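So the sequence shown is numbered by my numbering: it starts at 9 and just counts up by one.
C-beta atoms are modelled at their ideal positions from N, C-alpha and C, and glycine is treated no differently.
Remember, it's a predicted structure, so these values are computed and weren't measured experimentally.
Notes follow the structure.
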Amino acid sequence: MATPSPTVADSATGTSTTSSPTCTTAVPGKYGAVPIDACNSYHLFEPNFAANIAFAVLLGLSAIIHIIQAAVYKKRYCWVLLMGCLWEAGAFILRAVAAHNQQQLALVVLGTLLLLLAPLWVNAFLYMTVARLIHYMLPSQQVYGIKASVLTKIFVWLDIFSFLVQGVGGSLLSNQDEGGKAIVSAGQKVYVVGVGVQALFIIAFSVMTLTWALLVAFALIMIRIIFRLVEFIPGANENNPLLKSEYYVLFLDGFPMLLCFILLNVLHPGLVLRGPESDFPRLSRKEKKALKREKKEAKKQARMDRKSEKKQRRTDETNASRGWHHIDLDSIEQRGTDQDNSPSGMELGRSSQDSLRRNHDMRV
């Protein structure tokens with residue numbers, strides 16, 4: 009860490025009567041390093057270039073293996089896990105670059121955001137894997153009456169909600185403007201809420217997990233979540249001991265996630281999920297178009313039926329208001345036929361014929 013230069017720019021409060029500055033802007037030393045209490049310091053610790061590079065390399069190797077495994081096992085949905093691994097590796101690459109460019113705030117902000125948000129991709133992947141295990145192993149293909157495909161959508165959307173909340177909180181935490189302490193404090197609270205929501209979703213979903221590997225993966229993510237909750241609840245300031253050493257982040261955030269990715273390399277879902285029933289049914293483009301066309305035609309027919317019913321109802325109401333009544337000619341004709349075929353009807357017919365003969369004889 010560089011020592012403060014004799015030549016510093018005082019950033020006083022701006023009044024002539026006040027001589028004590030709030031902080032000083034130090035002249036950067038090697039790699040742009042300045043004392044942590046300087047105005048232009050973006051780190052509360054001395055970044056460890058070698059450790060961040062080591063994490064980036066290991067995560068990069070894990071990502072390459074995941075690409076190969078996704079291709080070999082033909083698991084398209086593994087792109088979600090791959091995104092998480094790449095984001096995690098990217099976070100440590102940015103942290104390593106920032107260690108040698110400590111005056112570049114953009115590197116610090118982007119590295120922090122990627123590190124905070126990358127585990128949410130892993131969450132989504134675990135949810136999707138459990139849903140496919142349910143579809144593959146349970147005859148009913150559902151849990152608590154909920155289909156596996158619906159279960160995936162529910163928890164993935166909940167994960168997206170948690171992603172957005174943590175993203176907003178992480179963005180506010182990176183605010184470095186003068187007088188931005190209130191914004192940073194608000195960002196800290198928003199991020200804690202997002203992490204807490206993520207933990208609740210994991211606890212709810214873990215009840216339905218079917219393999220111990222997924223349980224271990226969930227447990228590793230929970231270790232990271234607990235660390236982040238403990239880290240941010242006291243406040244994001246220089247008095248927080250968890251923010252003064254990078255080793256907390258490396259071993260309580262980066263290391264559990266690295267183990268999680270390696271575990272999913274060793275016990276890849278493709279080892280269990282095999283065959284046509286191991287994934288949700290996929291429709292071809294032609295089948296999707298046909299299904300879309302059928303739905304469109306069904307909606308069109310339903311609209312026409314509603315219009316026809318409405319038109320008939322209006323006609324009936326108009327006729328009723330004019331005193332007209334609908335006469336069912338078919339019903340009347342049928343009643344007449346029934347009467348003619350009945351015994352009384354036949355007797356009445358014979359009597360009428362006899363009466364006509366007598367009248368004819370009298371005329372003659």
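Can you tell me which of the three DSSP states residue i falls into?
| i | result |
| --- | --- |
| C31 | strand |
| I75 | helix |
| V88 | helix |
| I231 | helix |
| F259 | helix |
| A41 | coil |
| V215 | In this prediction, V215 has a pLDDT of 38, which is less than 50 and means its spatial position is unreliable; what the coordinates show is noted afterwards. If DSSP states are grouped into helix, strand and coil, V215 belongs with coil. |
| H276 | coil |
| I241 | coil |
| S253 | coil |
| P127 | helix |
| Q320 | helix |
| Q111 | coil |
| K5 | Outside the displayed span of the chain (9 to 372) sits residue 5, for which this structure offers no information. |
| P264 | helix |
| Y135 | helix |
| S49 | coil |
| V224 | helix |
| R282 | coil |
| D287 | coil |
| N248 | coil |
| N56 | coil |
| F296 | According to the sequence as given, residue 296 is Lys; it is not Phe. K296: helix per DSSP, three-state reduction. |
| K83 | coil |
| L67 | helix |
Roughly how far, in whole angstroms, is the beta-carbon of residue i from the beta-carbon of residue j, given that I think they are within contact range, below 8 angstroms?
| i | j | result |
| --- | --- | --- |
| A107 | N56 | 7 angstroms |
| P36 | Q111 | 6 angstroms |
| E4 | A126 | The structure shown does not extend to residue 4, since the chain spans only 9 to 372, so no value can be given for it. |
| F133 | L266 | That pair is no contact at about 15 angstroms. |
| C93 | L67 | 6 angstroms |
| I75 | N273 | Actually they do not touch by this definition, with Cβ atoms about 11 angstroms apart. |
| A99 | L123 | 4 angstroms |
| P277 | T137 | 5 angstroms |
| A46 | C31 | 6 angstroms |
| A225 | C268 | 5 angstroms |
| L251 | L52 | 5 angstroms |
| F235 | D261 | 6 angstroms |
| D287 | L281 | 7 angstroms |
| A34 | I61 | 26 angstroms between Cβ atoms; not a contact. |
Could you tell me if residue i is buried or exposed, where buried requires 16 or more neighbouring beta carbons within 10 angstroms of its beta carbon?
| i | result |
| --- | --- |
| R301 | exposed |
| Q77 | buried |
| F259 | exposed |
| V130 | buried |
| I101 | buried |
| T323 | exposed |
| K38 | exposed |
| T120 | buried |
| R314 | exposed |
| E317 | exposed |
| R321 | exposed |
| N327 | exposed |
| S49 | buried |
| K308 | exposed |
| V80 | exposed |
| E295 | exposed |
| K83 | buried |
| L418 | The chain is shown only over 9 to 372; residue 418 falls outside these bounds and no answer can be derived. |
| A17 | Note that A17 has pLDDT 40, beneath the 50 cutoff, so the model's placement of it is unreliable and no number is given. |
| A306 | exposed |
| E254 | buried |
| R71 | In the sequence as displayed, the identity of residue 71 is Ala instead of Arg. Its Cβ being crowded by 16 or more others within 10 Å, A71 is buried. |
| L223 | exposed |
| R290 | exposed |
| R293 | exposed |
| V238 | exposed |
| R232 | buried |
| L228 | buried |
Does the beta carbon of residue i come closer than 8 angstroms to any beta carbon on chain D?
| i | result |
| --- | --- |
| G119 | The chain labelled as chain D is not found in the depicted structure, where only one protein chain is given. |
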